[in-house]
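Going down the list, the sequences are from chains D and C.
If you're matching positions, the first sequence starts at 10 in my numbering and goes up one per residue.
If you're matching positions, the second sequence starts at 296 in my numbering and goes up one per residue.
The structure under discussion appears below in the form of structure tokens.
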Amino acid sequence: DGGITQSPKYLFRKEGQNVTLSCEQNLNHDAMYWYRQDPGQGLRLIYYSQIVNDFQKGDIAEGYSVSREKKESFPLTVTSAQKNPTAFYLCATSTGIETQYFGPGTRLLVL
Amino acid sequence: DQQVKQNSPSLSVQEGRISILNCDYTNSMFDYFLWYKKYPAEGPTFLISISSIKDKNEDGRFTVFLNKSAKHLSLHIVPSQPGDSAVYFCAASDPAGNNRKLIWGLGTSLAVNP
Numbered sequence: 010d011g012g013i014t015q016s017p018k019y020l021f022r023k024e025g026q027n028v029t030l031s032c033e034q035n036l037n038h039d040a041m042y043w044y045r046q047d048p049g050q051g052l053r054l055i056y057y058s059q060i061v062n063d064f065q066k067g068d069i070a071e072g073y074s075v076s077r078e079k080k081e082s083f084p085l086t087v088t089s090a091q092k093n094p095t096a097f098y099l100c101a102t103s104t105g106i107e108t109q110y111f112g113p114g115t116r117l118l119v120l
Numbered sequence: 296d297q298q299v300k301q302n303s304p305s306l307s308v309q310e311g312r313i314s315i316l317n318c319d320y321t322n323s324m325f326d327y328f329l330w331y332k333k334y335p336a337e338g339p340t341f342l343i344s345i346s347s348i349k350d351k352n353e354d355g356r357f358t359v360f361l362n363k364s365a366k367h368l369s370l371h372i373v374p375s376q377p378g379d380s381a382v383y384f385c386a387a388s389d390p391a392g393n394n395r396k397l398i399w400g401l402g403t404s405l406a407v408n409p
């Protein structure tokens with residue numbers, strides 16, 4: 010069953026804590042992306058990776074970090090430096106051309 | 296500075312009628328455009344796309360029109376159904392540099408009333 014998996018569906022973060030959001034895909038897509046969506050807002054690009062072991066900052070990378078050690082996985086860490094982490098986080102993949110395909114999302118809430 | 300603009304935050308139509316969602320862009324170098332549909336608390340779903348070398352692309356009830364001279368595209372849904380109620384995002388593919396990115400509009404919330 011091909012697709013994009015994001016876990017967990019809901020995640021709670023305490024003040025000063027780092028949390029990691031998982032994104033796994035079995036579509037054999039080269040490119041992966043992390044977006045953030047806030048209420049009433051569009052999608053803002055956090056980080057993206059076109060190939061394994063390479064990634065670039067998007068428009069709002071501050072307070073976030075990523076790794077791309079495997080083609081199938083692109084985890085996003087929300088660090089304590091991100092002062093407003095509450096949002097809906099979306100992972101996407103593509104063949105690197107145009108169309109991006111999205112996972113179901115993770116909602117991050119701060120306790 | 297929004298390069299992709301969806302100027303109508305919301306739209307309401309009657310079931311069976313046509314829904315027209317609009318999108319404007321500022322960068323004439325954008326060469327591929329996409330429409331996505333999004334339900335609350337879910338990831339966006341790809342709907343339809345169009346290359347800048349075309350002016351129309353149709354897929355079932357969905358048609359996208361592109362007017363390059365006006366830097367304008369629109370998504371037509373005919374006939375509209377209650378299940379079409381969702382937020383629709385317009386996105387443009389930026390070919391600049393070696394890494395293609397999608398530039399997103401802020402979305403239009405469509406409500407189809409029975």
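The beta-carbon is built from N, C-alpha and C at its ideal position, and this holds for glycine as well.
A direct Cα-to-Cα measurement between Lys-18(D) and His-38(D) gives close to 22 Å.
Under the three-state reduction of DSSP, Asp-350(C) is assigned to coil, being neither helix nor strand. Membership of Lys-333(C) in the beta strand (DSSP E) is indicated by the continuous run 327-333.
The secondary-structure analysis by DSSP pairs Val-61(D) with nothing; it has no beta-bridge partner. Scanning its chain for C-beta atoms nearer than 6 Å, with the 5 sequence neighbours on each side dropped, one finds around Asn-322(C) the residues Gln-298, in chain order. Rounded to whole angstroms, the gap between the alpha carbons of Gly-311(C) and Asn-362(C) is 26 Å. Contact between the segment 394-407 of chain C and the segment 95-109 of chain D is present: three or more C-beta pairs spanning the two stretches fall below 8 Å. By the Cβ rule, the segment 83-100 of chain D does not count as touching the segment 378-387 of chain C, because fewer than three pairs are nearer than 8 Å. According to the DSSP assignment, Ile-372(C) belongs to the beta strand (DSSP E) that extends over 367-372. Counting C-beta pairs closer than 8 Å gives fewer than three between the segment 20-27 of chain D and the segment 75-85 of chain D, which falls short of the contact rule. Counting C-beta atoms within 10 angstroms of its own C-beta, Leu-120(D) has fewer than 16 neighbours from the protein chains shown and is therefore classed as exposed.
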